[in-house]
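full-length UniProt numbering puts the sequence shown at residues 1 to 429. One structure below.
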Amino acid sequence: MAQPQNHLNKGNFDEQLKPGVHGQPLSAAGVAQPLSTSAPLASRDALNHSLETPRVVGQQQDAATRTKQSGGKLLFPFLVSALVALALSAVLARGRFFAAEKEKPVLAHPLETDHQSLKQTLKIVDETARRLRNKLKESSAQVRESFLKLYTPNMLLETFTEEQSKFWCEKYVEVLKSQPIPEEVADEAERQEFALRNLLFTTIFRAAEIRLDHLNKLEELSLGPQIPSASSLDLETILPHATVEDKQDAVSFQQFTRMLERLGVVGVAQEGDSGPKVSSVLADDLANAVAIKVHYDSCNLEVLQEFETFLASAQQAMAEMSEEERRRIENMEMPKLDVPFPLSVLTQAVERTKLRGEAERLSTAEILNWREQWNDVDVSTAAQDVRISQNTMFSVALDAKHSAVEEWGYLENETVLSTHALSAAVFLL
């Protein structure tokens, strides 16, 4: 097992860096109540999905086992393609750090290293963290609980609480601001490391902000004027059945695409009202499932791009460095912590997330292809397929985060797992 971080056990300041890790945890915020049972959109259960996620600290499970433990979920081609992508990414990531996407290169943040610019990087970290804290405070109890269980070390460490999440946001900023800004006479690599460290934390806080915005959007959609019977991602939920009234209020494919647009799914709306029609219950059910999936896909991509941009900035900075200077950046020192930040682990996690996202993403073409199978049976099947894909996405993402921390070597070190910036970054992917 990896050794714990010694600095966390020394000094008054460092003693503050251990809320509820090995001792009694801080009291968590009140357990969130589920949205009203009449809440229409699948987001109500999407927000709660992680409550059934198995905990895996100190044990290793494959995706199939974990999927079965989550409620007997069916394995589907989505899972196969996602697992293949995960395996391929492990091969592709090994042996290199920063993969450049040939078709569309990721633009790096410019790293200005004069004194004023370095001071500005600290200001941006502080502002981003303040925005995140405000959004956490303004979010509902259920959104905060969902954020905790989907995007923090709580995914693998049940003792990690909402209070700890807030604590680390504040403590990271406090520690960074306590570090002296390198003087103009300092070597360029030292100034670049200072800028990159601040950019890393800005990226982490920004990714957390994106995740919160997404969860708040799902909660907002769940309060819209849809139907209660379409409000579950659980594959064991009884599927909606069309009544005589529903069949009289049938929906064409074109109407369905406009329903999606109202739910925030862009680029699919079509004019007209011709061709076969399906029950409004089934159309609403599919629209809700698609809206949830597309919103998650969009959020995942946005977070991925934040980390890709940071890694591109690190790659750009290292291009002009000596081998020794590159090693410093590749294992960036974290103030007050003994364990450096390994860029290689984050890089592999980002690459795997990218390949997984490409395999999982529900494309506009797939949605438009449903026009050719616009009947009650196929529409009901499509809604179930989307839900399977969504549940698979959660399961495979958990596996990927588990693997990243395990490869890092700190899976069973609760102190490092709950306090390190790499943990914060990986769990947000």
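Glycine included, C-beta positions come from ideal geometry on N, C-alpha and C.
Counting C-beta pairs closer than 8 Å gives three or more between the region 273 to 289 and the region 382 to 390, which meets the contact rule.
For S252, the secondary structure class from DSSP, reduced to helix, strand or coil, is strand.
V251 and L260 have their C-alpha atoms spaced approximately 13 Å apart. One Cα belongs to A424, the other to L148, and the distance between them is close to 11 Å. Between the alpha carbons of E145 and E220 lies a distance of about 16 Å. Scanning its chain for C-beta atoms nearer than 7 Å, with the 5 sequence neighbours on each side dropped, one finds around C299 the residues I210, R211, H214, in chain order.
In the three-state scheme derived from DSSP, where H, G and I count as helix and E and B as strand, M332 is classed as strand.
Beta-carbon to beta-carbon, L417 and V350 are separated by about 19 Å, too far to satisfy the 8 Å threshold. Straight through space, the alpha carbons of S313 and L263 are spaced by roughly 35 Å. Around the beta carbon of H115, a 10 Å sphere encloses fewer than 16 other beta carbons of the protein chains shown; the residue is thus reported as exposed.
Taking C-alpha positions only, H109 is separated from N375 by approximately 49 Å.
Contact check for A129 and V173: beta-carbon distance about 5 Å, within the 8 Å limit, so the pair qualifies.
Distance from the CA of E308 to the CA of L429, rounded to the nearest whole angstrom, comes to 11 Å.
Three or more Cβ pairs closer than 8 Å define a contact, and the region 320 to 340 meets that threshold against the region 186 to 197.
DSSP places F341 in the strand class (E or B) of the three-state scheme.
Sequence-distant Cβ neighbours of I204 in its own chain, meaning closer than 6 Å and more than five residues away, are A424, A425.
Around T202, the same chain offers I124, V125, T128 as residues with beta carbons nearer than 7 Å, after the five sequence neighbours per side are excluded. Nearest C-alpha to T113 among V106, L362, T121: T121. Straight-line measurement puts the Cα of D378 at about 16 Å from the Cα of T257.
Judged by DSSP secondary structure, A397 falls within the alpha helix (DSSP H) whose first and last residues are 376 to 408.
Taking the C-beta atoms as reference points, V266 is found no nearer than 7 Å to I367. As DSSP reads the structure, V278 sits in a beta bridge with V251. Judged by DSSP secondary structure, I181 falls outside any alpha helix (DSSP H); it is assigned neither H nor E. The C-alpha of A421 is placed about 22 Å away from the C-alpha of K137. Between the alpha carbons of V143 and V386 lies a distance of about 23 Å. Counting of Cβ neighbours within 10 angstroms places N413 among the buried residues, the total reaching 16 or more. In the assembly as shown, E360 is a buried residue. Its beta-carbon has 16 or more other beta-carbons within 10 Å. Contact check for F427 against M155 passes: the beta carbons are separated by less than 7 Å.
Taking the Cα positions, T152 is about 7 Å away from S165. Cβ-Cβ separation between P182 and L118: approximately 7 Å, consistent with a contact (criterion under 8 Å).
For the options E188, P276, G272, S140, the alpha carbon positioned closest to that of K217 is the one of S140. Rounded to the nearest whole angstrom, the CA to CA distance from E320 to Q192 is 11 Å. Membership of V426 in the alpha helix (DSSP H) is indicated by the continuous run 421 to 428. Between the C-alpha atoms of F310 and L346 there is a straight-line separation of about 11 Å. Counting only the Cα atoms, D399 lies some 12 Å from L411. With contacts defined as CB atoms closer than 7 Å, A207 and E358 fail to qualify as a contacting pair.
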